[in-house]
Amino acid sequence: MRISREDVKHIAKLAELEFSDREIDKITPQLDRILEHVARISAVNTGDVEPASHVLDVNNVFRQDVPSQTVSREDALKNAPLEEEGGFRVPRID
Amino acid sequence: MEAKEVSCREITSSVLSRIEEVDGDINAYIRVEKERALKHADGIDARIAKGEKLEDFTGIPIGIKDNICTKGINTTCASKILDNYIPIYDAGVIQKLNSQDYILTGKLNMDEFAMGSSNENSFFGPVSNPWDTSRVPGGSSGGPAASVAAGEAVCSLGSDTGGSIRQPASLCGVVGFKPTYGLVSRYGLVAFASSLDQIGPFTRDMEDCAALLNIICGHDRRDSTSLDVEVPDYKGFLRDDIKGMKIGVPSQLMAAGIDPEVKGAVDSALNLALDMGAEVEEISIPNLEYALNVYYIVAPSEASSNLSRFDGVRYGYRDRSASTLRSMYRKTRTRGFGDEVKRRIMIGTYCLSAGYYDAYYEKALKVRTLLRRDFDRAFSTYDVLISPTSPTTAFRKGEKMDDPLTMYMCDICTIPVNLAGLPAVSIPAGISGENLPIGLHIIGNALREDNVIRMAYTLEKAIGFKDIPDL
Chain S
17 MRISREDVKH IAKLAELEFS DREIDKITPQ LDRILEHVAR ISAVNTGDVE
67 PASHVLDVNN VFRQDVPSQT VSREDALKNA PLEEEGGFRV PRID
Chain P
63 MEAKEVSCRE ITSSVLSRIE EVDGDINAYI RVEKERALKH ADGIDARIAK
113 GEKLEDFTGI PIGIKDNICT KGINTTCASK ILDNYIPIYD AGVIQKLNSQ
163 DYILTGKLNM DEFAMGSSNE NSFFGPVSNP WDTSRVPGGS SGGPAASVAA
213 GEAVCSLGSD TGGSIRQPAS LCGVVGFKPT YGLVSRYGLV AFASSLDQIG
263 PFTRDMEDCA ALLNIICGHD RRDSTSLDVE VPDYKGFLRD DIKGMKIGVP
313 SQLMAAGIDP EVKGAVDSAL NLALDMGAEV EEISIPNLEY ALNVYYIVAP
363 SEASSNLSRF DGVRYGYRDR SASTLRSMYR KTRTRGFGDE VKRRIMIGTY
413 CLSAGYYDAY YEKALKVRTL LRRDFDRAFS TYDVLISPTS PTTAFRKGEK
463 MDDPLTMYMC DICTIPVNLA GLPAVSIPAG ISGENLPIGL HIIGNALRED
513 NVIRMAYTLE KAIGFKDIPD L
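Going down the list, the sequences are from chains S and P.
Be aware that the first sequence starts at 17, since it is given in my numbering, and climbs by one per residue.
Be aware that the second sequence starts at 63, since it is given in my numbering, and climbs by one per residue.
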């Protein structure tokens, strides 16, 4: 086993997801099989090979740091589930 | 239209009535923009009456995959978590189409967040294959493929992260093109795996495909991975001549697991190419063997990071029952995402987590470099590579839903292309005994769309695929 029920619970916490016990029963073996499958790459000799970043030779792209109006406050709040005084309202921070 | 033989309203109405007629069975559309499209068509007819010059796609009814942002029109990614999301801006490709004055028919169905190969993972229900409605259209761009196959749009735009344009094009018997990574702006495409995602066209034939590429390709400074290169006239590559072109056939993609009928159709196409003076050789691309493994580390890892933005704070669905911020995040994400999306977020989070990062994510990026080198070597000799697009024709709904790994295998031929950032197309190559389309996959070197288009156009003419689904 590459992944246990306890691991699944821990990863779910990191991912901000919740699973019921029944869902954990189902997803644990599924994730285990997928991880088993992808772990085949450990057999590849990668020596000092560079990890791929962009597939073509493109470097960081910068622009001038000049402030400008992009999105208006009104537009930015258009999709807000809950807004108050020009901001996003959220429940109490725990 | 320009000759006034037919009005834009007539064309638009005929597409809209086709949608009304068949979409109850197909479910290609999440949202149809009927009133808006008709009003827009009248506006274009007024332009024509004034004798204005029309562009290639002026007044052409086009459907857009629902992960491409359309200003003022819901863009859901087929997810509950974005069900009520209305973008405040247009994607780069939409702005380009707008400059042509195209007509938006509506937003097309897909696997949730483009994760899937059968379009069964949609919050708005599965899409049916127009050739046999008990079967899947492929995915994740099932809506864009099925709508063009069923005549519910003249053409459409989809996105391709591991085969999401080419595989459904293959299963639905239409042309689907994935351009070189960076050639089409991703600005306004809801991100799945940013180093793999690319927008591309679905069309009936290569002529329309090249014309649509002319519109959507080009640099966009708002996408930092966009390539600042000159965009050629892709229509100029529609040459019915492949004499002297060199075709490599990767043995790994013609091996076990490929349906004999699919292999037969690919072999016939290769024989046609030989007859027309192309050279065909079997080649080996050793690291293809690991492409699927690499993909199912890289794509979920990037997805787990990209999808962390969906937390119920700024847009989309929010679970209202939670009394604290953290429980609001959890409940929103748990109730807003479907099973496959959660599965991939979990895999990605695992691969990026402390203690596993080097063994999974970084290792995968190194193997990705090796795969890219394999392709470089192949393209130093060959102009294009040819394989099946999908190992099988369209499978039945439900057939692979209980087994994620079997579903992932559907993209074995298309995934390596995304990992290497290459351009590739699927064109119809024939019909199976069960009357289902078979797709031919033509891959080119980076920015060598010219070779892909020339080969596809020539083979399309030689194959002479004329069948349409009987709906």
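Just so it is clear, CB atoms sit at the ideal spot from N, CA and C, and this is done for glycine as well.
Check: Proximity to Tyr519 of chain P [Cα-Cα], best of P:Met177, P:Pro362, P:Val237; Outcome: P:Val237
Check: Residues from the region 373-387 of chain P in contact with chain S, defined by Cβ distance under 9 Å; Outcome: Asp373, Gly374, Val375, Arg376, Tyr377, Gly378, Tyr379, Arg380, Arg382, Ala384, Ser385, Thr386, Leu387
Check: Cβ-Cβ distance between Tyr296 of chain P and Ile515 of chain P below 8 Å; Outcome: yes
Check: Test: Asp110 of chain S CB closer than 8 Å to a CB of chain P; Outcome: yes
Check: Short CB-CB distance (under 8 Å) between Ser366 of chain P and chain S; Outcome: yes
Check: Minimum Cβ-Cβ distance from Asp91 of chain S to chain P less than 8 Å; Outcome: yes
Check: Unbroken alpha helix (DSSP H) run spanning Thr394 of chain P, endpoints; Outcome: 387-398
Check: Contact with chain S by Met390 of chain P, beta-carbon distance below 8 Å; Outcome: yes
Check: Positions along the region 51-64 of chain S whose CB lies within less than 8 Å of some CB in chain P; Outcome: Leu51, His53, Val54, Ala55, Arg56, Ile57, Ser58, Val60, Thr62
Check: Through-space distance from Ser180 of chain P to Arg71 of chain P, alpha-carbon basis; Outcome: 34 Å
Check: Closest by C-alpha distance to Pro97 of chain S, when choosing among P:Thr287, P:Phe264, P:Tyr377; Outcome: P:Tyr377
Check: Beta-carbon proximity of Pro450 of chain P to Gly501 of chain P, cut-off 8 Å; Outcome: yes
Check: Interfacial residues, the region 390-408 of chain P to chain S, with Cβ spacing under 7 Å; Outcome: Met390, Tyr391, Arg392, Arg395, Thr396, Lys404, Arg405, Ile407, Met408
Check: Contact list for the region 73-90 of chain S against chain P, Cβ threshold 8 Å; Outcome: Val74, Asn76, Val77, Arg79, Val87
Check: Residue from P:Lys96, P:Gly310, P:Ile320, P:Pro241 whose Cα sits closest to the Cα of Pro294 of chain P; Outcome: P:Pro241
Check: Whole runs of the alpha helix (DSSP H) within the region 205-249 of chain P, excluding any shorter than 4 residues; Outcome: 228-234
Check: Residue of P:Glu269, P:Ile477, P:Pro312 minimising C-alpha distance to Arg301 of chain P; Outcome: P:Glu269
Check: Alpha helix (DSSP H) runs wholly inside the region 143-172 of chain P, at least 4 long, in chain order; Outcome: 154-162
Check: Nearest-angstrom Cβ-Cβ length linking Ile43 of chain S and Arg392 of chain P, presumed shorter than 8 Å; Outcome: That pair is no contact at about 16 Å.
Check: Status (buried if at least 16 other CB within 10 Å, exposed otherwise) for Met172 of chain P; Outcome: buried
Check: heavy atom of the ligand ADP below 7 Å from Arg266 of chain P C-beta; Outcome: You won't find the ligand ADP in this model; it holds no ligand whatsoever.
Check: C-beta atoms of Ser363 of chain P and Tyr444 of chain P nearer than 8 Å; Outcome: no
Check: Environment of Ser247 of chain P [buried if 16+ CB atoms lie within 10 Å]; Outcome: buried
Check: Inter-residue Cα distance where the pair is Arg108 of chain S and Ser385 of chain P; Outcome: 7 Å
Check: Bridge partners - Ile130 of chain P, DSSP secondary structure assignment; Outcome: P:Leu251
Check: C-alpha gap between Ser184 of chain P and Gly492 of chain P, whole angstroms; Outcome: 29 Å
Check: Below-8 Å beta-carbon distance, Lys25 of chain S vs any chain P residue; Outcome: no
Check: For Asn89 of chain P, three-class secondary structure by DSSP; Outcome: coil
Check: Test: Asn355 of chain P CB closer than 8 Å to a CB of chain S; Outcome: yes
Check: Three or more C-beta pairs below 8 Å linking the region 250-258 of chain P and the region 218-227 of chain P; Outcome: yes
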